[in-house]
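Working notes, beginning with the structure itself.
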Amino acid sequence: MNSSNNLLVLGVTGQVGKLVARNLRRSGANFSVGTRRKANLKELADQFGASRFINLDDPRTFDEALKNITSIFLITGYTVDMLVQSKSLIDAAKRNGVNHIVHLGAFTRDHDAYATVFAWHQMIEAYLRASGVAWTNLHPNMFMQSFLSVWSIKGGVYNAYTSKPIGFTALEDLAEAAAVILMEGPEKHNGKDYWFSADVLTPHQVAETLTAATGRKFTAAVRKAEGFQNHAVQPGSAFERAYAKGGFELFEQVEDGRMAYIGRVIDDTKQLLGREPLLLRDWAKLHANELLEAAGS
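Here the working numbering is used: the first residue of the sequence shown is 13, the next is one more, and so on.
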């Protein structure tokens, strides 16, 4: 770990950023967490050690937030605003002498992806590569944590939106790897793309795995891709309609073969962490109680 690092982690009110920050805290890294809510600054500082005010929708807040920062963990919200947010922050990072940006992207293998959210991430990555700031892109496949969403396994029924195999990764692996990359810095990770897709399963294999891990019977229901949009725009959802449309496009293109690569094992966890990644059977045992709660009666 480079002791001169001064890291900034975004998105700590969400699952990914929070786990990255927890890994950094356990490792004794020098870092701050960013928040757009001034009322949360003290609470987050108490939890993680230091916090900074930054509003991704207001680039005027960037210069102060990036003062003396060496590296950024870049994660944005689930809206089309992620494009201007990322572009503006990358510009500010270069202006303020930030050395390294670690960007959380999507599982995009080729530059022929047209599913909305995947294309958005590829545009951000292209701009980041051309910025002159050292970069690392993380490409996770489907997070296993998605099974903890109530609409995903309610009633013990796993609602899948494609019949084809899908690759999964544990958020724990991605977050630990991101923390290591941030601490080791651009000397080791500049210009690198890392992939996280450790376990490939069909919907029925998912149900069998959850059953074995929890002792509760799970079944799989394969629904049409359009159904994802209906679920994703329910009241209280974090997804805007354009993002939900991207999910529909993803599942549709996996089903018809255009994005068949989603069903591949391509994983850099062992390279980064020196251990094997969690498979769904391992992850489900760790989260058995949460899975049972999400499934309900």
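The beta carbon of each residue, even a glycine, is placed where N, CA and C say it ideally should be.
### Collapsed DSSP secondary structure at Thr223 in the structure displayed
For the purposes of this step, residue 223 is identified with residue 211 of the sequence shown, where counting begins at 1. Residue state, collapsed to three classes: helix.
### Query
Under the rule that 16 or more other beta-carbon atoms within 10 Å means buried, what is Gln283, buried or exposed?
Start at 1 with the first residue of the sequence shown, and residue 283 comes out as number 271. By the neighbour-count rule (16 or more Cβ atoms within 10 Å), Gln283 is not buried but exposed.
### Query
Looking at Val145 and Lys106, is the spacing between their C-beta atoms short of 9 angstroms?
Numbered from its first residue, the sequence shown carries residue 106 at position 94. Numbered from its first residue, the sequence shown carries residue 145 at position 133. Cβ distance < 9 angstroms, so Lys106 and Val145 count as in contact.
### Task
With Gly179 as the anchor, note down where its beta strand (DSSP E) starts and where it stops.
Residue 179 sits at position 167 when you count from the first residue of the sequence shown. Per DSSP, Gly179 belongs to the beta strand (DSSP E) from Ile178 to Thr181.
### Query
What is the rounded straight-line gap between the Cα of Gly61 and the Cα of Ser44?
Stepping through the sequence shown from its first residue, residue 61 is reached at position 49. Stepping through the sequence shown from its first residue, residue 44 is reached at position 32. Approximately 7 angstroms, taken between the alpha carbons.
### Task
Would you tell me roughly how many angstroms separate the C-alpha atoms of Ala64 and Phe74, rounded to the nearest one?
If you number the sequence shown from 1, residue 64 lands on position 52. If you number the sequence shown from 1, residue 74 lands on position 62. According to the sequence provided, residue 64 is Arg. The question's Ala does not apply to it. Each residue's alpha carbon lies about 10 angstroms from the other.
### Message
In the DSSP output, what is Tyr170 paired with across the bridge?
### Response
In the sequence shown, residue 170 corresponds to position 158, counting from 1. Beta-bridge pairing links Tyr170 to Ala232.
### Query
Smallest Cα separation from Gly109: which of Gly227, Val28, Leu31 and Asn80?
Mapped onto the sequence shown, residue 109 falls at position 97. Of the candidates Gly227, Val28, Leu31 and Asn80, the one whose C-alpha sits nearest the C-alpha of Gly109 is Asn80.
### Message
So Ile178 and Gly259 are supposed to be a Cβ contact under 8 angstroms. How far apart are they, rounded?
### Response
To locate residue 178, count along the sequence shown from 1; it is residue 166. To locate residue 259, count along the sequence shown from 1; it is residue 247. Actually they do not touch by this definition, with Cβ atoms about 12 angstroms apart.
### Message
Just verifying my parser: in three-state terms, what is the DSSP assignment at Lys79?
### Response
Looking up residue 79 in the sequence shown gives position 67. Residue state, collapsed to three classes: coil.
### Query
For Asn18, which of Asn202, Tyr139, Leu194 and Ala182 has the nearest alpha-carbon?
The count along the sequence shown starts at 1 and reaches residue 18 at position 6. Checking every option, the nearest Cα to that of Asn18 belongs to Leu194.
### Task
Specify, as a first and last residue, the run of the beta strand (DSSP E) that His112 falls within.
Locating residue 112 in the sequence shown gives position 100, counting from the first residue. His112 -> beta strand (DSSP E) spans His112 to Leu116.
### Task
Flag this pair as yes or no: are the beta carbons of Leu101 and Met135 separated by less than 9 angstroms?
Residue numbering aside, residue 101 sits at position 89 when the sequence shown is read from its first letter. Residue numbering aside, residue 135 sits at position 123 when the sequence shown is read from its first letter. In this structure, Met135 does not lie closer than 9 angstroms to Leu101 by Cβ.
### Message
Can you tell me which residues form a DSSP beta bridge with Gly109?
### Response
Within the sequence shown, numbered from 1, the residue matching residue 109 stands at position 97. Answer by DSSP bridge pairing: none, since Gly109 is not bridged.
#### Entry: Nearest candidate by alpha-carbon position, reference Asn149, set Ala224, Thr221 and Ile87
Here residue 149 is taken as the residue at index 137 of the sequence shown, counted from 1. Minimum Cα distance to Asn149 is reached at Ile87.
### Query
Who does Arg64 pair with in a DSSP beta bridge?
In the sequence shown, the residue the question calls residue 64 occupies position 52. DSSP lists Gly46 as partners of Arg64.
### Whole-angstrom distance between Asn242 and Met13, CA atom to CA atom
The count along the sequence shown starts at 1 and reaches residue 13 at position 1. The count along the sequence shown starts at 1 and reaches residue 242 at position 230. With a pLDDT of only 48 at Met13, under 50, the local geometry of the prediction cannot be trusted, and no value is derived from it.
### Message
Less than 9 angstroms between the beta carbons of Pro152 and Thr181, yes or no?
### Response
Taking the first residue of the sequence shown as position 1, residue 152 is located at position 140. Taking the first residue of the sequence shown as position 1, residue 181 is located at position 169. Yes; because the gap between Cβ atoms is below 9 angstroms, this pair is in contact.
### Task
Apply the 10 Å Cβ neighbour rule to Asn111 and answer buried if 16 or more other Cβ atoms are within range, or exposed otherwise.
Position 99 of the sequence shown, counted from the first residue, corresponds to residue 111. The residue is buried, with at least 16 neighbouring Cβ atoms inside 10 Å.
### Query
Can you name the residues that DSSP bridges to Ala131?
For the purposes of this step, residue 131 is taken as the residue at position 119 of the sequence shown. None, per the DSSP bridge assignment.
### Query
When burial is assigned at 16 or more other CB atoms within 10 Å of the CB, is Thr25 buried or exposed?
Residue numbering aside, residue 25 sits at position 13 when the sequence shown is read from its first letter. The residue is exposed, with fewer than 16 neighbouring Cβ atoms inside 10 Å.
### Task
Provide the residue span of the alpha helix (DSSP H) that contains Leu304, from first to last.
Residue 304 sits at position 292 when you count from the first residue of the sequence shown. Start and end: Ala300 to Ala307.
### Task
May I ask which residues mark the beginning and end of the beta strand (DSSP E) holding Pro71?
As a first step, residue 71 is located in the sequence shown; it is residue number 59 there, counting from the start. Segment: none, Pro71 is in no beta strand (DSSP E) and carries neither H nor E.
### Query
Once you ignore the five residues that flank Glu50 on each side, which residues in its own chain have a CB closer than 8 angstroms to its CB?
Here residue 50 refers to the residue found at position 38 when the sequence shown is read from its first residue. For clarity, residue 50 is Lys in the given sequence; the question names Glu instead. Result list for Lys50: Phe65, in chain order.
### Message
Taking the straight line between their C-alpha atoms, what separation do you get for Ala142 and Leu116?
### Response
Here residue 142 refers to the residue found at position 130 when the sequence shown is read from its first residue. Here residue 116 refers to the residue found at position 104 when the sequence shown is read from its first residue. Looking at the two C-alpha atoms, the distance is approximately 17 angstroms.
### Message
Counting C-beta neighbours from all protein chains within 10 Å, is the total for Asn35 16 or more, i.e. buried, or is it exposed?
### Response
Position 23 of the sequence shown, counted from the start, is the residue given in the question as residue 35. It is buried - the Cβ of Asn35 has at least 16 other Cβ atoms within 10 Å.
### Query
DSSP on Ser175, reduced to helix/strand/coil?
Mapped onto the sequence shown, residue 175 falls at position 163. Three-state DSSP puts Ser175 in coil, outside helix and strand.
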